[in-house]
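Visitor: The sequence shown begins at 86 in my numbering and counts up by one. All residues carry an ideal CB built from backbone N, CA and C; glycine is no exception.
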Amino acid sequence: MIKSYVVSISVKGVTKLYGEQKALDDVSFEINSGEIVGFLGPNGAGKSTMMKIITCFIPQSAGEVKVCGIDVVTDSMNVRKSVGYLPEHNPLYHDMYVKEYLGFIAGLHKVKNKKSRISEMIELVGLTREQHKKIGQLSKGYRQRVGLAQAMIHNPDVLILDEPTSGLDPNQLVEIRALIQQLGKEKTVMLSTHIMQEVEAICDRVMILNRGKLVANNTSQGIQQSTSKKELVKVEFDQEINLSEIEKIDGVLTVKRLDGKVCLVESQTDIRRRIAEFAKSKDVLVLGMQIQEQSLEEAFKQLTRPT
Ligand code: ADP
Ligand code: MG
Numbered sequence: 086m087i088k089s090y091v092v093s094i095s096v097k098g099v100t101k102l103y104g105e106q107k108a109l110d111d112v113s114f115e116i117n118s119g120e121i122v123g124f125l126g127p128n129g130a131g132k133s134t135m136m137k138i139i140t141c142f143i144p145q146s147a148g149e150v151k152v153c154g155i156d157v158v159t160d161s162m163n164v165r166k167s168v169g170y171l172p173e174h175n176p177l178y179h180d181m182y183v184k185e186y187l188g189f190i191a192g193l194h195k196v197k198n199k200k201s202r203i204s205e206m207i208e209l210v211g212l213t214r215e216q217h218k219k220i221g222q223l224s225k226g227y228r229q230r231v232g233l234a235q236a237m238i239h240n241p242d243v244l245i246l247d248e249p250t251s252g253l254d255p256n257q258l259v260e261i262r263a264l265i266q267q268l269g270k271e272k273t274v275m276l277s278t279h280i281m282q283e284v285e286a287i288c289d290r291v292m293i294l295n296r297g298k299l300v301a302n303n304t305s306q307g308i309q310q311s312t313s314k315k316e317l318v319k320v321e322f323d324q325e326i327n328l329s330e331i332e333k334i335d336g337v338l339t340v341k342r343l344d345g346k347v348c349l350v351e352s353q354t355d356i357r358r359r360i361a362e363f364a365k366s367k368d369v370l371v372l373g374m375q376i377q378e379q380s381l382e383e384a385f386k387q388l389t390r391p392t
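1) Distance, Cα to Cα, residue 223 vs residue 233?
2) Scan the region 252-315 and note each continuous beta strand (DSSP E) run of 3 residues or more that stays entirely inside, going in chain order.
3) Under the three-state reduction of DSSP, which class applies to residue 95: helix, strand or coil?
4) By a C-beta neighbour count over all protein chains shown, 10 Å radius and 16 as the cutoff for buried, is residue 60 buried or exposed?
5) Taking the DSSP output, what are the residues bridged to residue 319?
6) Below 8 angstroms, how does it come out for the region 280-294 and the region 122-133: are there three or more Cβ pairs, yes or no?
7) Just tell me which of 390, 310, 169, 330 has its CA closest to the CA of residue 354.
8) Could you check where the alpha helix (DSSP H) with residue 130 kicks off and where it finishes?
9) Does DSSP put residue 119 in a helix, a strand or coil?
10) Using 10 angstroms around the beta-carbon of residue 170, count the other beta-carbons present and answer buried if the total reaches 16, otherwise exposed.
11) Please say whether residue 139 and residue 152 have beta carbons closer to each other than 8 angstroms?
12) Are residue 243 and residue 133 close, meaning C-beta to C-beta below 8 angstroms?
13) Just to confirm, does residue 283 get its C-beta within under 7 angstroms of one of the non-hydrogen atoms of the ligand MG?
14) Could you tell me which uninterrupted beta strand (DSSP E) segments, each at least 3 residues in length, are contained entirely in the region 149-229, listed from first to last along the chain?
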């Protein structure tokens, strides 16, 4: 599939006020064509608000948003053609049959060859066995599939998915995640979630929003590295070593014994060489050394800590 734009979503200096409340505060970012970007933030951070602006559901108070080069305010009609949206509270009609509902949505988008497109979507999202049921009879995981099918029915380049995996059981979660990953091969995807594992598993990049401000925009690894002030290294010796001996190594901040011969050494900079030299001087063998990464979860907590 040929993508006509390098930048799929461009957000410049966007602020959103609800009355007195600033839900978004001067937010800027770009998402490139083909990227899967995770949008994280505590509840109330402004994630859904940002997504509603990108999908033309509400206007921003200030700033500029373009999707595939088209302005969301001045040309919302054309933006809607290139965007598929799964809202946070996926508003499905429970009394409608799956096919009937998808037909209704396809009609709104004036999709050509409606029937074959609906069948294609049903197969793509794995609804074949449930296609004759009413939406109300489906489990939450299958309802999310209907939500994804409606978001994709007009074959948009960009997918905006607001907490697509919330409320799913572990099996459904894995399935929907795999589906998003598969869809992401051909589309630009922006998804919000509270599950760090999900971001690490499927996203190329992570943006973290806190109280309406973008506080991080990097790869998951980049965010972990930039928030981590200290180095942690797990060392396994071939014999038990007195912790006070290790503490004497120049640069070591703290040492913890994890188990017999295994210690966790905290330092300001990479200390592995000095540990190796120390071991040699004591005639001890180092069986293994491993840098311990700060988890994305810890980075998230640090960046969104209430002040
Ligand atoms: P998130 O999706 O990150 O949980 P939201 O975008 O839903 O955050 O909300 C951001 C802030 O804006 C919250 O404080 C919320 O209460 C407020 N908010 C959202 N929608 C409205 C609205 N329609 N009217 C007034 N305040 C709103
Ligand atoms: Mg939300």
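Guide: Taking the coordinates as given:
1) When only Cα atoms are considered, residue 223 and residue 233 end up about 14 angstroms apart.
2) As far as the region 252-315 is concerned, its whole beta strand (DSSP E) runs of at least 3 residues are 273-277, 290-295, 298-303.
3) Correct three-state label for residue 95: strand.
4) This structure does not reach residue 60, given that the chain is present from 86 up to 392, and the question cannot be answered.
5) 349, 375
6) For the pair of segments examined, the region 280-294 was found to touch the region 122-133: the number of CB pairs separated by less than 8 angstroms reaches three.
7) 310
8) No alpha helix (DSSP H) holds residue 130; DSSP gives it neither H nor E.
9) Looking at residue 119 - three-state DSSP - the assignment turns out to be coil, as it is neither helix nor strand.
10) By the neighbour-count rule (16 or more Cβ atoms within 10 Å), residue 170 is buried.
11) yes
12) Contact flag unset, no.
13) no
14) 168-171
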